[in-house]
Ligand code: NAX
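Given below as C-alpha cells:
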C-alpha cells in the first residue's frame, strides 16, 4: 500500500467541510493515494466534527486510513502534507471590514505558525475561508520557513463558474473548453477573463460588451445568486473547486490547459510582489508556474490593477493592526 497522505481540514464541521471530506476520502483529490484526515474545529463545533468523522467511518472508504478531530492547531497540522483552510470568521451584521480582517488574522496567523512548526516539509496550503487571498498571505507570513509559494488561495470556484457560463453561452459541454482565466482577488473586484478561451483547442471570440455587461457580473455575483436560490451559500461547488485546485497542484494540470490560482505574486502582470492574487497557472512536478506573456485588453489590465489595489488595502489594514 502507498504511504498515506495527511490532509488537515479546518472548519470541518461547516457546510463546505461536509461536502469536501467525503470527496477527499473517496480518493477524488490525490489520485487514489490513501489519506489520513485531521480535522480542526473550534471547541463548540468539535462534537459536530466527531459526527462527520463517524459518518466517514460508516462510508467505509477503502482509501481512508484514519480520521482524527482536534480543537488545537498545533496537533491538527502535525505531519500535514496538504492543509485546506476552510474555517473562517464570517462577516456579521454591523461588522466593519477592519473587524473582519482582524478576526480572521486571529485565526490564520496562529494556523500559519502551527503549519510552520508542525507540518511536513512538502506542505501545500489552500485558503478557502474568506477573505481568502489575504488569509493566505497572513498564514504565509507566520510560517517564514515554508516556501511562500506553498500558500495559495482559492479562485477555482470563480474559474469553474466562468467555464459554466461560457459553456452555456456556446451551447457546448464544459469539457471542450480550456484556458479560462480569473485574475485578482476572490471578491467583487475579481477579473474573470475569457479572452484566451479555446473550444476544442481553437480560439473563441466574445463581444467585449457581452463580457463586460453580462459575463463578468454573472460570475462575480454568482455566490449571491446561489444564496438567493438555495437559502445558503455555495458548498458542494466550493468543495469541488478545492478538490480541483489541490488535485491539479499535486498531480499536474491538463496538457494544453491552465487554471486559476491565487498565489504569491512575483510582480508579473503588474501585481505587486508578495500579494496573493489570482493568475493563470499550470502545474507540473507539484509546483505552480504562472503563464507568462499573455496579451491583455485595456479592460483586463485596469481590472487587475483595481483588484491589486484592493489587495494592497487589505494587506495594509492588517499591517496597521500589527497582525502582519
Ligand atoms: P460554515 O459557517 O458552514 O463553516 C465554517 C466552519 O469553520 C464552522 O464549522 C466553524 O466552527 C469553523 N471555524 C471557525 N473558526 C475556526 C477556527 N479558528 N478553526 C477551525 N474551524 C473554525 O461556512 P462554509 O459555508 O463551510 O464556508 C467556509 C468559508 O469558505 C467561509 O469563509 C466562506 O466565505 C468561504 N468561501 C470561500 C469560497 C472561495 O471561493 N474562496 C467560496 C465558498 C465560500 O463562500
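Residue numbers (the UniProt record's numbering): 1 to 324. Cβ coordinates follow ideal geometry from the N, Cα and C atoms, glycine included.
Inter-residue spacing [alpha-carbon to alpha-carbon] between residue i and residue j
{"i": "residue 265", "j": "residue 124", "result": "17 Å"}
{"i": "residue 275", "j": "residue 318", "result": "13 Å"}
{"i": "residue 270", "j": "residue 297", "result": "14 Å"}
{"i": "residue 128", "j": "residue 84", "result": "7 Å"}
{"i": "residue 290", "j": "residue 245", "result": "14 Å"}
{"i": "residue 224", "j": "residue 233", "result": "8 Å"}
{"i": "residue 34", "j": "residue 198", "result": "35 Å"}
{"i": "residue 195", "j": "residue 236", "result": "28 Å"}
{"i": "residue 322", "j": "residue 188", "result": "26 Å"}
{"i": "residue 57", "j": "residue 21", "result": "11 Å"}
{"i": "residue 54", "j": "residue 5", "result": "20 Å"}
{"i": "residue 133", "j": "residue 311", "result": "8 Å"}
{"i": "residue 126", "j": "residue 40", "result": "15 Å"}
{"i": "residue 230", "j": "residue 240", "result": "17 Å"}
{"i": "residue 255", "j": "residue 99", "result": "43 Å"}
{"i": "residue 93", "j": "residue 104", "result": "16 Å"}
{"i": "residue 107", "j": "residue 52", "result": "22 Å"}
{"i": "residue 71", "j": "residue 88", "result": "14 Å"}
{"i": "residue 273", "j": "residue 32", "result": "36 Å"}
{"i": "residue 122", "j": "residue 220", "result": "33 Å"}
First through last residue of the alpha helix (DSSP H) which encompasses residue i
{"i": "residue 314", "result": "298-320"}
{"i": "residue 281", "result": "Per DSSP, residue 281 belongs to no alpha helix (DSSP H); it is in the beta strand (DSSP E), 276-284."}
{"i": "residue 52", "result": "46-58"}
{"i": "residue 22", "result": "15-26"}
{"i": "residue 190", "result": "Residue 190 -> no alpha helix (DSSP H), and no H or E assigned at all."}
{"i": "residue 249", "result": "236-251"}
{"i": "residue 216", "result": "216-220"}
{"i": "residue 134", "result": "132-141"}
Option nearest residue i by Cα separation, candidates the options
{"i": "residue 242", "options": "314, 160, 208", "result": "160"}
{"i": "residue 247", "options": "108, 287, 56, 178", "result": "287"}
{"i": "residue 202", "options": "75, 187, 176, 135", "result": "176"}
{"i": "residue 238", "options": "14, 121, 47", "result": "14"}
{"i": "residue 16", "options": "145, 82, 157", "result": "157"}
{"i": "residue 30", "options": "12, 19, 3", "result": "3"}
{"i": "residue 222", "options": "24, 162, 251, 300", "result": "162"}
{"i": "residue 252", "options": "210, 263, 284", "result": "284"}
{"i": "residue 314", "options": "229, 70, 44, 101", "result": "101"}
{"i": "residue 146", "options": "193, 81, 103, 206", "result": "81"}
{"i": "residue 49", "options": "168, 316, 11", "result": "11"}
{"i": "residue 142", "options": "167, 206, 110, 120", "result": "110"}
{"i": "residue 136", "options": "24, 263, 172", "result": "263"}
{"i": "residue 74", "options": "249, 46, 116", "result": "116"}
{"i": "residue 294", "options": "23, 181, 186, 214", "result": "181"}
{"i": "residue 278", "options": "155, 19, 207", "result": "155"}
{"i": "residue 306", "options": "76, 186, 215", "result": "186"}
{"i": "residue 302", "options": "86, 219, 212", "result": "212"}
Residues near residue i by beta carbon distance below 6 Å, same chain, minus five either side
{"i": "residue 66", "result": "36"}
{"i": "residue 261", "result": "152, 281, 288"}
{"i": "residue 68", "result": "38"}
{"i": "residue 216", "result": "192"}
{"i": "residue 218", "result": "165"}
Neighbour-count burial assignment, residue i, 16 or more Cβ in a 10 Å radius
{"i": "residue 97", "result": "exposed"}
{"i": "residue 42", "result": "exposed"}
{"i": "residue 227", "result": "exposed"}
{"i": "residue 140", "result": "buried"}
{"i": "residue 150", "result": "buried"}
{"i": "residue 95", "result": "exposed"}
{"i": "residue 90", "result": "exposed"}
{"i": "residue 130", "result": "buried"}
{"i": "residue 8", "result": "buried"}
{"i": "residue 114", "result": "buried"}
{"i": "residue 44", "result": "exposed"}
{"i": "residue 59", "result": "exposed"}
{"i": "residue 249", "result": "buried"}
{"i": "residue 112", "result": "buried"}
{"i": "residue 308", "result": "buried"}
{"i": "residue 76", "result": "buried"}
{"i": "residue 47", "result": "exposed"}
Where the beta strand (DSSP E) containing residue i begins and where it ends
{"i": "residue 335", "result": "This structure cannot settle anything about residue 335, because the visible part of the chain is limited to 1 through 324."}
{"i": "residue 74", "result": "Unbroken run through residue 74 is the alpha helix (DSSP H), 73-76; no beta strand (DSSP E)."}
{"i": "residue 124", "result": "124-127"}
{"i": "residue 68", "result": "64-70"}
Close Cβ partners of residue i (< 7 Å) along its chain, the five nearest in sequence each way excluded
{"i": "residue 304", "result": "183, 184, 191, 269, 270, 271"}
{"i": "residue 27", "result": "63"}
{"i": "residue 320", "result": "none"}
{"i": "residue 258", "result": "179, 280, 281, 282, 291"}
{"i": "residue 78", "result": "118"}
{"i": "residue 174", "result": "163, 164, 167"}
{"i": "residue 148", "result": "140, 264"}
8 Å CB neighbourhood of residue i in its chain, flanking five on each side removed
{"i": "residue 200", "result": "176"}
{"i": "residue 170", "result": "177, 199, 204"}
{"i": "residue 300", "result": "183, 191, 193, 195"}
{"i": "residue 207", "result": "none"}
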